[in-house]
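In my numbering, the protein residues as written are -13 to 320. The structure appears below as structure tokens.
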Amino acid sequence: MGESVNSLSFDVHSGALYAATHTEGVFVSRDGGGAWKQSSRGLHVRKAWTIGVDPHKEGRLYVGTQYGHLFRSDDSGASWVEVTSLYDAPHRMEWGVDWRMGTLGLAIHTVKFDPEHEGRFFIIASGNGVYRTDDDGESWKPLRSGLLEGCPAFNQRSQAGAGGGESLETHLRTVHKCAHKIALSGRDPSRLYQQNHCGVYSSQNSGEAWYDRSPDDEHRHGFGITVTDDDTVYTVPAYQGICGEHNSCVRGELKVYRGRRSGGVWEALGAGLPCSVHTCVLRDALSSDSLEPPGVYFGTTSGEVFASVDGGDSWRKLLGGVSRIQGVESFVVD
-13 MGESVNSLSF
-3 DVHSGALYAA
7 THTEGVFVSR
17 DGGGAWKQSS
27 RGLHVRKAWT
37 IGVDPHKEGR
47 LYVGTQYGHL
57 FRSDDSGASW
67 VEVTSLYDAP
77 HRMEWGVDWR
87 MGTLGLAIHT
97 VKFDPEHEGR
107 FFIIASGNGV
117 YRTDDDGESW
127 KPLRSGLLEG
137 CPAFNQRSQA
147 GAGGGESLET
157 HLRTVHKCAH
167 KIALSGRDPS
177 RLYQQNHCGV
187 YSSQNSGEAW
197 YDRSPDDEHR
207 HGFGITVTDD
217 DTVYTVPAYQ
227 GICGEHNSCV
237 RGELKVYRGR
247 RSGGVWEALG
257 AGLPCSVHTC
267 VLRDALSSDS
277 LEPPGVYFGT
287 TSGEVFASVD
297 GGDSWRKLLG
307 GVSRIQGVES
317 FVVD
């Protein structure tokens, strides 16, 4: 393929793999990744971040791109049309065209489906939070209730320079509503989990209200989040203000944090992980599978992939010495 890939998706209906690429839109493979073919007709924005496969409608896909665009395909990616209803979403005019904070800018970087409610799916617009549609994208609802107004993850005032010259208050409002990733419970998809700029949150009602369940103020900030079928949540905290080269990073011990639904205690898991790193785990680079016990996987910006087959109790390195890992996906195939 020869392209930088932001994320992968698997279509359980057809067995096809879809790749969202950094410069050339969508590619599809129908032989498990052996050969790829570009499938971007109709995409007038080719910087693609995520592809969602609708579990209810065979052949229907959505792709989120740079500049806050969402496209739909009803023919397994052969052609795409823009979902123009998103222009009328609440607060849409606040999104702007693009922005310079961080490395992403304005993008639709996440599309997640509710497997039990046809027509319902969630998107994230970077810097503008989570939205839900219950009617296949005809209308949209912002899901912000319960998110903290402040940001105890770090003294954000010291980070105001990252806002590209914007005012301090504008910068703070932007980062406080910036959702980095969401995950749906496999047991009950009305239970959602969110890692945003300022904390880890859960919702029991499809995002109508969020509740702070962050480990503590030091470990609030991060990018990826995944949840296993027993509602155990995994994150990899990143830290601001400790790295001059990057906005956020991990320096020192590499730890995965595990939070069980049965209690509010988080565990720091590091058995088998390196003790001295300078790296980060990006929003799409943490995933889990549906096996028992669950497998948990993540990749780093320094080019390693780690796996646990016992729910995070121990880890081993699967891959090293490659370029930055943008995403890690796990699929269970019968």
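Ideal Cβ placement from N, Cα and C applies to all residues, glycine included.
Roughly how far, in whole angstroms, is the beta-carbon of residue i from the beta-carbon of residue j, given that I think they are within contact range, below 8 Å?
i      : j       : result
Arg206 : Gly238  : Going by Cβ atoms, the distance from Arg206 to Gly238 rounds to 18 Å, so no, they are not a contact pair.
Thr51  : Ser(-7) : Not confirmed; about 12 Å, so no contact.
Lys167 : Arg269  : 5 Å
Ala271 : Val314  : 5 Å
Gly54  : Trp81   : 5 Å
Ser171 : Glu124  : Their Cβ separation, rounded to whole angstroms, is 26 Å, which puts Ser171 and Glu124 out of contact at 8 Å.
Between residue i and residue j, is the Cβ-Cβ spacing less than 9 Å?
i       : j      : result
Tyr48   : Asp61  : no
Val(-9) : Ala5   : yes
Phe284  : Gly210 : yes
Asp217  : Asp174 : yes
Thr119  : Ile110 : no
Gly307  : Ala293 : no
His30   : Glu68  : yes
Phe108  : Asp100 : yes
Ser192  : Arg106 : yes
Arg46   : Arg27  : no
Val236  : Thr265 : yes
Val12   : Gly63  : yes
Ser300  : Ala254 : no
Does DSSP put residue i in a helix, in a strand, or in coil?
i       : result
Leu272  : strand
Ser15   : strand
Ser189  : strand
Ser71   : helix
Asp198  : strand
His205  : helix
Glu324  : A question about residue 324 goes unanswered here, because the residues of the chain that appear run from -13 up to 320.
Trp81   : helix
Tyr283  : strand
Lys23   : strand
Asn367  : As displayed, the chain neither begins before -13 nor continues past 320, which places residue 367 out of reach and without an answer.
Gln145  : Note that Gln145 has pLDDT 47, beneath the 50 cutoff, so the model's placement of it is unreliable and no number is given.
Gly38   : strand
Tyr53   : coil
Gly105  : coil
Leu47   : strand
Glu315  : coil
Ala93   : strand
Thr221  : strand
Pro76   : coil
His(-1) : coil
Asn114  : coil
Taking the C-alpha atoms as reference points, what is the distance between residue i and residue j?
i        : j      : result
Ala93    : Lys33  : 9 Å
Ser65    : Gln24  : 11 Å
Val213   : Arg244 : 10 Å
Cys229   : Thr221 : 20 Å
Met79    : Arg302 : 46 Å
Met(-13) : Glu10  : 10 Å
Asp202   : Gly298 : 20 Å
Ser200   : Val319 : 33 Å
Val14    : Ser0   : 11 Å
Glu278   : Ala169 : 19 Å
Gln312   : Pro260 : 20 Å
Ser(-5)  : Asp17  : 14 Å
Thr286   : Glu102 : 33 Å
Pro223   : Gly20  : 34 Å
Lys98    : Glu204 : 28 Å
Thr7     : Asp215 : 29 Å
Gly113   : Gly38  : 20 Å
Gly91    : Ser176 : 29 Å
Output needed for residue i: all residues of its chain with C-beta closer than 8 Å, excluding positions within five of it in sequence on either side, in chain order.
i      : result
Glu343 : Since the first residue of the chain shown is -13 and the last is 320, residue 343 is not available in this structure.
Ser288 : Val263, His264, Thr265 and Arg310
Can you list, in chain order, the residues of its chain with a C-beta nearer than 6 Å to that of residue i? Leave out the 5 residues immediately preceding and following it.
i      : result
Trp196 : Gly132, Leu133, Tyr187 and Ser189
Leu305 : Val291
Gln181 : His166, Lys167, Gly208, Ile211 and Thr221
Asn240 : It is Leu, not Asn, that sits at residue 240 in the sequence shown. Cβ neighbours of Leu240 beyond the five flanking positions: Leu259, Pro260 and Val263.
Trp126 : Ala75, Tyr117 and Thr119
Val295 : Gly281
Trp252 : Pro201, Tyr243 and Gly245
Tyr179 : Ala169, Ser188, Ile211, Val213 and Val219
Trp22  : Met(-13), Phe13 and Ser15
Short of 7 Å in beta carbon distance, which residues of its chain neighbour residue i, apart from the five on each side in sequence? Order them along the chain.
i      : result
Asp198 : Leu134, Gly185 and Tyr187
Glu104 : His42
Glu44  : His(-1)
Ser273 : Thr212, Tyr283, Val314, Glu315 and Ser316
Can you tell me whether residue i sits near the ligand COA, meaning its C-beta is under 8 Å from at least one heavy atom of the ligand?
i      : result
Gln181 : No copy of the ligand COA appears in this structure; indeed no ligand is present at all.
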